[in-house]
Amino acid sequence: MKILHVNNIAGVASTISHELRNRGIISDVLIFDENPYSFPYDYKITGNRFMKLLKTMLKGFKYDIIHWHYPKQRKTISIYSKIKPVIKHYHGTDLRGKFEEAFCIVSTPDLLEYAPNSIYIPNPVDIEKIKPVYRTKNPKPIITYYCSAISKIEIVKEAKSKIGDKYQFIELKGYRHEDALNLLANSDLFIDIRSNSWYGVTSIEAMALGKPVIGDIKDEFRMEYNPPIIQYNYYKNLTNTINEILNNENLRIKYAI
Numbered sequence: 081m082k083i084l085h086v087n088n089i090a091g092v093a094s095t096i097s098h099e100l101r102n103r104g105i106i107s108d109v110l111i112f113d114e115n116p117y118s119f120p121y122d123y124k125i126t127g128n129r130f131m132k133l134l135k136t137m138l139k140g141f142k143y144d145i146i147h148w149h150y151p152k153q154r155k156t157i158s159i160y161s162k163i164k165p166v167i168k169h170y171h172g173t174d175l176r177g178k179f180e181e182a183f184c185i186v187s188t189p190d191l192l193e194y195a196p197n198s199i200y201i202p203n204p205v206d207i208e209k210i211k212p213v214y215r216t217k218n219p220k221p222i223i224t225y226y227c228s229a230i231s232k233i234e235i236v237k238e239a240k241s242k243i244g245d246k247y248q249f250i251e252l253k254g255y256r257h258e259d260a261l262n263l264l265a266n267s268d269l270f271i272d273i274r275s276n277s278w279y280g281v282t283s284i285e286a287m288a289l290g291k292p293v294i295g296d297i298k299d300e301f302r303m304e305y306n307p308p309i310i311q312y313n314y315y316k317n318l319t320n321t322i323n324e325i326l327n328n329e330n331l332r333i334k335y336a337i
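Numbering-wise, my numbering puts 131 at position 51 of the sequence shown, and it's gapless, one number per residue.
Set out below in C-alpha cells:
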C-alpha cells in the first residue's frame, strides 16, 4: 500500500505519515507552499496552478491512495479522483459554512454538520517526541496562547489587560514548530478559546506536555467527547479561571494530568 498525503495542515499529514511508515506502509507528504512552522514533508511542488496540478498528478501515479488534506481545490480533486482514489480530509475553514455530500474525514466535531457522510478522526500528535513537563521554574508564570482565524482573542486580551504584568503572556505566532513546542514546554498554562467550540492541534500538544489547557467547549461536545479542556468561564470569567489555576499548584497539576 502506498499513500500520498497532499498538504500538511498543522503537521497532521506528516504525523499520520510517520505512523503509517512505522506500520510498514509507504506514505509520503507533498506540499505546495512553505509555511513558517517548518513541518516535515517529502515533496514540494512549485510553479503556476496548471503546473502544480500536472506535477501532482504525475507524482500521484506511484501511489494507491491520495489523502488530500484541506481539499479546497475541488475542481482539481474532481479531476484527480477520476485517476486515483482520493480521500478528502477537512480541517476547518475549507468546509465550515459549505457542504460535502461524499464520504470524507473531518478533524473537529463541529464540521460533522457540513458533511453528513463524514467520519470524525481527532487530530494526532506524536507523543514519542513530546515529554511532559509538569513543573517549571519560571519566577513569573508563563501563559501561552494561540490566535487563529476562529479564536475569540478578545476574551484573552480582556483577561490580559485585567491581569497586567502578574503573568507573562506569549502568543505562539510565527514560530517554527520545534520552537513553539519549546515555548509550550516552558509555559505554565495554555489558552485556546475558539468560536467552533473545540480546540486545535497546539492544545493537544500542550496537554501532552503536561500543561492545563483553557478553552471553550459547548455542552453538547463536552457530553459526547469529554475533552480534558478547562472551560474558560468555569470560575465566572477567564481572569478568575487563570488565577485559580496558577495560584494553586495542586489544582494546576490536577488539570495537567
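Using N, Cα and C, we set each Cβ at its ideal position, and we do this for glycine too.
All of these numbers come straight from a predicted model, not from anything done at the bench.
Close-in-space but distant-in-sequence residues of the same chain around residue i (CB under 6 Å, 5 per side omitted)
| i | result |
| --- | --- |
| Tyr150 | Asn87, Ile89, His171 and Asp174 |
| Asp144 | Met81 and Lys82 |
| Ser187 | His171 and Asn203 |
Residue from the options whose Cα sits closest to the Cα of residue i
| i | options | result |
| --- | --- | --- |
| Gly140 | Ile325, Ile111, Ser231 and Val213 | Ile111 |
| Gly254 | Val166, Asp113, Arg101 and Tyr117 | Tyr117 |
| Lys220 | Ile201, Lys246 and Ala195 | Lys246 |
| His257 | Lys209, Tyr123 and Arg274 | Lys209 |
| Tyr194 | Ser187, Arg129, Tyr200 and Gly177 | Gly177 |
| Asp259 | Ser241, Thr282 and Lys237 | Thr282 |
| Gly244 | Tyr123, Asn323, Met303 and Tyr214 | Asn323 |
| Asn266 | Asn218, Lys242 and Ile167 | Asn218 |
Nearest-angstrom Cβ-Cβ length linking residue i and residue j, presumed shorter than 8 Å
| i | j | result |
| --- | --- | --- |
| Thr216 | Asp272 | Not a contact, Cβ separation roughly 19 Å. |
| Ala52 | Pro212 | Since the first residue shown for the chain is 81 and the last is 337, residue 52 is missing from the structure and cannot be characterised. |
| Leu84 | His147 | 7 Å |
| Leu264 | Thr224 | 6 Å |
Within 7 Å, strictly: CB atoms of residue i and residue j
| i | j | result |
| --- | --- | --- |
| Ala336 | Gly290 | yes |
| Ile297 | Pro307 | yes |
| Phe249 | Ser277 | no |
| Leu133 | Thr156 | yes |
| Ile230 | Ser198 | no |
| Ile185 | Ile201 | yes |
Same chain only: Cβ atoms within 7 Å of residue i, ignoring 5 sequence neighbours per side
| i | result |
| --- | --- |
| Ile284 | Asn203 and Val205 |
| Cys227 | Ile233, Glu251 and Lys253 |
| Phe179 | Tyr194 |
| Tyr312 | Ile235, Ile273, Ile294, Gly295, Asp296, Leu318 and Thr321 |
| Tyr305 | Pro189 |
Close Cβ partners of residue i (< 8 Å) along its chain, the five nearest in sequence each way excluded
| i | result |
| --- | --- |
| Arg332 | Asp268, Leu269, Pro292, Ile325 and Leu326 |
| Ser94 | His85, Asn88, Val109, Phe119, Pro120 and Tyr121 |
| Ile310 | Pro292, Val293, Ile294, Gly295, Thr321, Ile325 and Tyr335 |
C-beta neighbour in chain B for residue i, strict 7 Å
| i | result |
| --- | --- |
| Met303 | Reference to chain B is not applicable here, since this structure consists of a single protein chain. |
**OP:** May I ask you to verify whether the stretch 92–99 touches the stretch 156–164, counting CB pairs closer than 8 Å and requiring at least 3?
**Re:** no
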